[in-house]
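Before any comments, here is the structure.
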Amino acid sequence: MSRFIIWFGCVFLLGILGCGQHSGPISNPNQSTSKPIIGVSLLTMENPFFRVIGNTIQKEAASHGFETLVVSADKDASKQSNQMQNFIVRGARAIVISPCESKAMVPAIKEANQAGIPVYTVDIPCREEGVRIVSQVATDNLGGGREAAKAMIEAIGPLGGDVAILHFKQAESCRLRVEGFREVMAAHNASMPGKVNIVTELEGGAARDTSFKATEDALQAHPGLKGIFAINDPSALGANAALEKAGKDKTVVVVGFDGQPEGIEAIAQGKIYADPVQFPDRMGREIVQAIVTHSRGEPVKPEILIPTSLMRRADALKAVAK
Numbered sequence: 009m010s011r012f013i014i015w016f017g018c019v020f021l022l023g024i025l026g027c028g029q030h031s032g033p034i035s036n037p038n039q040s041t042s043k044p045i046i047g048v049s050l051l052t053m054e055n056p057f058f059r060v061i062g063n064t065i066q067k068e069a070a071s072h073g074f075e076t077l078v079v080s081a082d083k084d085a086s087k088q089s090n091q092m093q094n095f096i097v098r099g100a101r102a103i104v105i106s107p108c109e110s111k112a113m114v115p116a117i118k119e120a121n122q123a124g125i126p127v128y129t130v131d132i133p134c135r136e137e138g139v140r141i142v143s144q145v146a147t148d149n150l151g152g153g154r155e156a157a158k159a160m161i162e163a164i165g166p167l168g169g170d171v172a173i174l175h176f177k178q179a180e181s182c183r184l185r186v187e188g189f190r191e192v193m194a195a196h197n198a199s200m201p202g203k204v205n206i207v208t209e210l211e212g213g214a215a216r217d218t219s220f221k222a223t224e225d226a227l228q229a230h231p232g233l234k235g236i237f238a239i240n241d242p243s244a245l246g247a248n249a250a251l252e253k254a255g256k257d258k259t260v261v262v263v264g265f266d267g268q269p270e271g272i273e274a275i276a277q278g279k280i281y282a283d284p285v286q287f288p289d290r291m292g293r294e295i296v297q298a299i300v301t302h303s304r305g306e307p308v309k310p311e312i313l314i315p316t317s318l319m320r321r322a323d324a325l326k327a328v329a330k
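Per the working numbering, the sequence shown starts with residue 9, numbered consecutively.
What follows is the structure, encoded as C-alpha cells:
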C-alpha cells in the first residue's frame with residue numbers, strides 16, 4: 009500500500025510539473041524536451057524588436073528539429089549570466105545572447121566555451137578578449153548611425169542647429185550608432201556653413217519612459233534645440249511624447265532607429281522624421297542558419313552585418329497602407 013501511495017504521489021507531482029504554460033516568445037527554461045536545445049537570452053522583451061527576433065528564432069529552429077528556450081534578460085547582466093548557466097546545465101546544443109553588457113558576460117561565455125557549447129550573438133556583439141563567439145549577427149549599426157545623421161541634416165535644413173542624443177551606452181550596438189552619427193556630423197560641420205551641433209548626450213535607457221524624462225531635461229537645458237537622435241523606436245516615441253507635452257513637437261525633429269510597427273506608424277503621422285530600419289526577422293533566420301551550418305561541421309562567417317534602409321514619411325505611408 010505504501011509503495012502505491014509513493015508511486016501515485018510521484019505521478020501526481022510529475023503531472024503538476026508538466027502543466028506549466030507560457031505565451032509569446034518567452035519559453036520555460038525548465039521545460040523538458042527530447043529535442044536538441046538552443047538557449048536564447050535576449051536583452052529585453054519590452055522592445056518589440058527583440059520579440060520578433062525571439063519568435064523568428066523559435067520558428068526557424070523548429071523547422072530544423074530544435075527546441076528553443078527564449079528568455080528575457082531584462083537588461084540585467086547578472087540575470088543573463090544565470091540564464092546562460094541554466095542553458096549549460098540543460099546541455100544546450102547552442103547558446104544565443106544579445107549581451108546586456110559585453111564585459112560582464114565574459115565569465116558566462118567562457119563557461120559555455122569550456123563546456124563545448126557554441127555561443128552566438130544577435131543584434132549586440134561581444135568583442136571581448138578571451139571568449140569564443142562562433143558568429144555575430146547584427147545590423148550594420150555604424151552604417152545605420154550614419155544614415156540617421158544624414159536624415160537629421162536633411163530635416164534641420166541648411167541653417168543647422170543644436171541636437172541632442174538619447175543614448176543607451178551599455179549596448180555596443182547603440183555605441184556604434186552614435187559613433188556613426190557623430191562621424192557624419194563632424195564631416196558635415198567641417199565643410200558646411202550651417203553647423204549641426206551635438207549639445208548634449210543623455211541616457212535614454214532604450215526605453216520610452218526614461219527617454220521622456222531625458223528629453224524634458226534636454227529641453228530645459230537647451231530651449232533652442234532643433235533635433236533629437238534617439239537610438240531606438242521606444243526612445244524616439246518617448247522623446248516625441250515629451251515634445252508634445254512641451255508644445256515643441258512641430259519645431260524639434262526626432263530621428264529614431266528600428267523601423268518597428270509603432271515607429272513606422274509614428275513616421276507616417278509625422279511624429280518621427282525618419283528611421284534607419286532594421287530587419288530583426290532576418291537576424292533570427294541568419295542566426296539559426298549559422299547554428300545549423302556550424303552543427304554540420306561547415307565554416308560559418310564570424311560576423312554577419314545586415315544593412316539598414318532609411319525610412320521617411322513617404323515610405324512609411326506606403327507601408328501602413330499595405
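Just so it is clear, CB atoms sit at the ideal spot from N, CA and C, and this is done for glycine as well.
For residue i, the nearest candidate out of the options (CA to CA)
| i | options | result |
| --- | --- | --- |
| Glu270 | Ala327, Ile236, Thr223 and Arg304 | Ala327 |
| Ala282 | Ile295, Ala298, Arg290 and Val262 | Val262 |
| Ser110 | Val296, Gln286, Leu51 and Glu306 | Leu51 |
| Phe237 | Cys182, Asp217, Glu68 and Ala229 | Cys182 |
| Lys87 | Cys108, Ala70 and Gly232 | Cys108 |
| Gly202 | Met113, Val171, Glu211 and Glu68 | Val171 |
| Gly213 | Lys67, Ala179 and Met200 | Ala179 |
| Thr76 | Leu313, Ile46 and Ser303 | Ile46 |
| Leu251 | Gly232, Gln268, Gly267 and Asp266 | Gly232 |
| Glu294 | Met53, Pro56 and Ala69 | Ala69 |
| Val130 | Met319, Gln268, Arg321 and Gln297 | Gln297 |
| Cys134 | Gln66, Asp323 and Pro310 | Pro310 |
| Ile105 | Ala112, Lys118, Ile132 and Asp82 | Ile132 |
| Gly235 | Ala215, Ile280, Ala276 and Gln268 | Ile280 |
| Thr64 | Ala116, Pro288 and Pro284 | Pro288 |
| Pro44 | Ile299, Leu318 and Thr316 | Ile299 |
| Ser89 | Ala112, Lys67, Arg101 and Val204 | Ala112 |
| Arg185 | Lys118, Pro284 and Ala100 | Pro284 |
| Phe58 | Ala157, Gln268 and Ala116 | Gln268 |
| Gly264 | Leu325, Gly169, Lys118 and Lys158 | Lys158 |
| Gly152 | Ala324, Arg320, Leu325 and Thr316 | Thr316 |
| Ile272 | Ala247, Gly246 and Ala324 | Ala324 |
Residue i, buried or exposed, once every other Cβ within 10 Å from all chains shown has been counted against 16
| i | result |
| --- | --- |
| Lys253 | exposed |
| Asn240 | buried |
| Met291 | buried |
| Arg154 | buried |
| Thr259 | exposed |
| Gln286 | buried |
| Glu278 | Checking the sequence shown, residue 278 turns out to be Gly, not Glu. Classification of Gly278: exposed, given that the 10 Å Cβ count is below 16. |
| Gly62 | buried |
| Asn55 | buried |
| Ala274 | buried |
| Arg304 | exposed |
| Gln228 | exposed |
| Lys330 | exposed |
| Ser71 | exposed |
| Ala322 | exposed |
Inter-residue Cα distance where the pair is residue i and residue j
| i | j | result |
| --- | --- | --- |
| Val187 | His175 | The question names Val, but residue 187 in the sequence shown is Glu. Whole-angstrom Cα-Cα distance: 11 Å. |
| Ser40 | Gly73 | Because Ser40 sits at a pLDDT of 49, beneath the cut-off of 50, its placement in the model cannot be relied upon, and the following sentence gives the value as read from the coordinates. Answer to the nearest angstrom: the Cα atoms are 15 Å apart. |
| Ala249 | Ala85 | 29 Å |
| Met160 | Ala244 | 13 Å |
| Asp266 | Val79 | 21 Å |
| Ile314 | Asp148 | 5 Å |
| Glu136 | Gln91 | 20 Å |
| Ile173 | Ser42 | 48 Å |
| Ala226 | Leu210 | 8 Å |
| Val114 | Leu150 | 23 Å |
| Lys256 | Thr208 | 18 Å |
| Pro307 | Thr301 | 7 Å |
| Pro242 | His230 | 22 Å |
| Ser49 | Met200 | 45 Å |
| Val192 | Ala120 | 39 Å |
| Val145 | Ile312 | 5 Å |
| Ile13 | Asp82 | At Ile13, the pLDDT of 38 sits below 50, so the modelled position is not reliable and the matter cannot be decided from this model. |
| Asp217 | Met53 | 16 Å |
| Ile206 | Arg190 | 8 Å |
| Lys177 | Ala215 | 13 Å |
| Leu318 | Lys67 | 28 Å |
| Ile103 | Ile117 | 9 Å |
| Gly169 | Val60 | 36 Å |
| Ala247 | Arg101 | 41 Å |
| task | Pair every Cβ in the stretch 218 to 234 with every Cβ in the stretch 192 to 199, then say whether three or more of these pairs are closer than 8 Å. | result | no
| query | Curious, which full-length alpha helix (DSSP H) runs of at least 4 residues does the stretch 138 to 210 contain? | reply | 149 to 164 and 180 to 199
| Does the stretch 93 to 100 come close enough to the stretch 118 to 126 that 3 or more CB-CB pairs lie under 8 Å? | yes
| field | Segment contact, 8 Å Cβ cut-off, at least three pairs: the stretch 157 to 167 with the stretch 131 to 142 | value | no
| request: Entirely within the stretch 243 to 324 and at least 3 residues each: give me those beta strand (DSSP E) ranges in chain order. | output: 261 to 263, 283 to 285, 311 to 314 and 317 to 319
| said: My parser needs the beta strand (DSSP E) runs of 3 or more residues fully inside the stretch 60 to 122; what are they? | reply: 75 to 80 and 102 to 105
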